[in-house]
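J.:
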Amino acid sequence: MDFKDLSVVVTGAGGGIGAALVEGFGRAGARVIGCDRDGRSLDPLPLAGRATFDLADPASIRAGAADLLAAHGAPDVVVMNAGWTRGESFASMDEDAVGREIDVNLTGVARLTHALLGPMRARRAGAFVFVSSVNALAHYGNPAYSAAKAGILGLMRAVATEGGRDGVRANAVCPGSVRTPAWDHRIARDPAIPAALARLYPLGRIVTPAEVAEAVMFLASARASGITGQTLAVDAGLTAGNVPFIRDILGE
Ligand SMILES: NC(=O)c1ccc[n+]([C@@H]2O[C@H](COP(=O)([O-])OP(=O)(O)OC[C@H]3O[C@@H](n4cnc5c(N)ncnc54)[C@H](O)[C@@H]3O)[C@@H](O)[C@H]2O)c1
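Set out below in structure tokens:
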């Protein structure tokens, strides 16, 4: 896949999947503009540009998007990858925590999409790839995060439908579990989690950050020029069927 001289905005660039996206797009020749809440997480990355903003803060998003557009113009590709959750169940969350997870994972993403979509439509070219989750497709815990990730699919279809005639495509990937810093707090609580997780997946393992990045890059690339408004699970088969049911109930 060739992204030579194309500008690619990656949010959450300082995280586990973000770093794989920066590496993958960079290797394919892109000028990668990394965004994150905290500039320090961007320091080690090979970036052509950077922007720092907090997706929970509308003024910060506005300022970050304006800086980004002023410095680099309308991006060729936007990967909405930043995300965050701690609320494993409704029982463990108060009302503010529910609101916070929706703010970061959906409202903030919608605000940033709004800020970048206009200039991309005016330039009459561009591709969005939204990093949603298998949590958008079925319930695997984290209810507010899951609702936000399902909301992202609606947002993605809106961008695809409204932006299509201006040459802007939009698609989403839904990763299954990926071992990134997002899992640190759970594994600190129970070191047996990675082995337990692998047994739930048809491939007998979870996917890697690089595998998620490959799928994102395909959807962002010219090879996917006829694909818009679609959702691709990158989940080692999790949403294809229920491995424990087959193993424990049917004895296969
Ligand atoms: N790791 C998984 O198992 C998994 C599974 C499905 C989907 N995802 C999604 O993949 C994406 C990347 O996750 P990851 O696993 O690399 O996690 P990560 O925690 O390593 O990275 C997430 C990044 O998002 C940034 N971020 C968080 N809150 C932010 C905010 N308020 N403003 C700006 N940036 C913020 C973080 O600083 C971090 O750099 C997320 O959208 C996540 O929901 C992850």
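Using the numbering used here, the letters of the sequence shown map in sequence onto residues 6 to 257. Ideal Cβ placement from N, Cα and C applies to all residues, glycine included.
The beta strand (DSSP E) with Val14 in it runs from where to where?
T.: In the sequence shown, residue 14 corresponds to position 9, counting from 1. Its beta strand (DSSP E) spans residues 12-16.
J.: Thinking C-alpha only, which one of Pro49, Ala64, Ala68, Gly123 is nearest Val83?
T.: As a first step, residue 83 is located in the sequence shown; it is residue number 78 there, counting from the start. Comparing Cα-Cα distances from Val83 to each of Pro49, Ala64, Ala68, Gly123, the minimum goes to Gly123.
J.: Alpha carbon to alpha carbon, how far is Thr236 from Arg128? Give it in angstroms, no decimals.
T.: Walking along the sequence shown from the start, residue 128 turns up at place 123. Walking along the sequence shown from the start, residue 236 turns up at place 231. Their Cα atoms are separated by approximately 25 Å.
J.: Apart from the five residues on each side of it in sequence, which residues of its chain come closer than 7 Å, Cβ to Cβ, to Gly113?
T.: For this step, residue 113 is matched to residue 108 along the sequence shown. The answer, listed in chain order, is Leu60, Ala61, Ile66.
J.: Under the criterion of a Cβ to heavy atom distance below 7 Å, does Arg42 qualify as lining ligand 1?
T.: The sequence position of residue 42 within the sequence shown is 37, counting from 1. Answer for Arg42: yes, Cβ within range of ligand 1.
J.: Within the chosen definition, does the region 225-239 reach the region 194-201 through at least 3 CB pairs nearer than 8 Å?
T.: Too few Cβ pairs lie closer than 8 Å, so no.
J.: Is the closest heavy atom of ligand 1 to the C-beta of Ser94 under 7 Å?
T.: Position 89 of the sequence shown, counted from the first residue, corresponds to residue 94. No, ligand 1 has no heavy atom inside 7 Å of this Cβ.
J.: Rounded to the nearest angstrom, what separates Leu202 and Arg32 at their Cα positions?
T.: Locating residue 202 in the sequence shown gives position 197, where the first residue counts as 1. Locating residue 32 in the sequence shown gives position 27, where the first residue counts as 1. In a straight line, the C-alpha of Leu202 is about 31 Å away from that of Arg32.
J.: Ordered along the chain, which non-local residues of its own chain (more than five positions away) have a Cβ less than 7 Å from that of Pro186?
T.: Here residue 186 refers to the residue found at position 181 of the sequence shown. Excluding residues within five positions, the ones whose Cβ falls inside 7 Å are Gly20, Gly21.
J.: Tell me whether Thr118 counts as near ligand 1, meaning its Cβ is closer than 7 Å to at least one heavy atom of that ligand.
T.: Numbered from its first residue, the sequence shown carries residue 118 at position 113. No - ligand 1 has no heavy atom lying nearer than 7 Å to the Cβ of Thr118.
J.: Count the other CB atoms, across all protein chains shown, that sit within 10 Å of the CB of Ile154; report buried if there are 16 or more and exposed otherwise.
T.: Here residue 154 refers to the residue found at position 149 when the sequence shown is read from its first residue. As written in the sequence, residue 154 is Lys, which differs from the Ile given in the question. Classification for Lys154: buried.
J.: Between Ala152, His119, Gly146, His77, which lies nearest to Arg105 when the distance is taken from Cα to Cα?
T.: Taking the first residue of the sequence shown as position 1, residue 105 is located at position 100. Among Ala152, His119, Gly146, His77, the Cα nearest to that of Arg105 belongs to Ala152.
J.: Would you say the beta carbon of Leu208 is closer than 7 Å to some non-hydrogen atom of ligand 1?
T.: Numbered from 1 along the sequence shown, position 203 holds the residue referred to as residue 208. Checking every heavy atom of ligand 1 against the Cβ of Leu208, none is found closer than 7 Å.
J.: State the beta-bridge partners of Asn244 as determined by DSSP.
T.: Here residue 244 corresponds to residue number 239 of the sequence shown, with the count starting at 1. Checking the displayed sequence, the identity of residue 244 turns out to be Thr instead of Asn. Answer is none; Thr244 lacks a bridge partner.
J.: Measuring only from the beta carbon, is Gly20 closer than 7 Å to any heavy atom that is part of ligand 1?
T.: Taking the sequence shown and counting its residues from 1, one reaches residue 20 at position 15. Indeed, a heavy atom of ligand 1 lies less than 7 Å from the Cβ.
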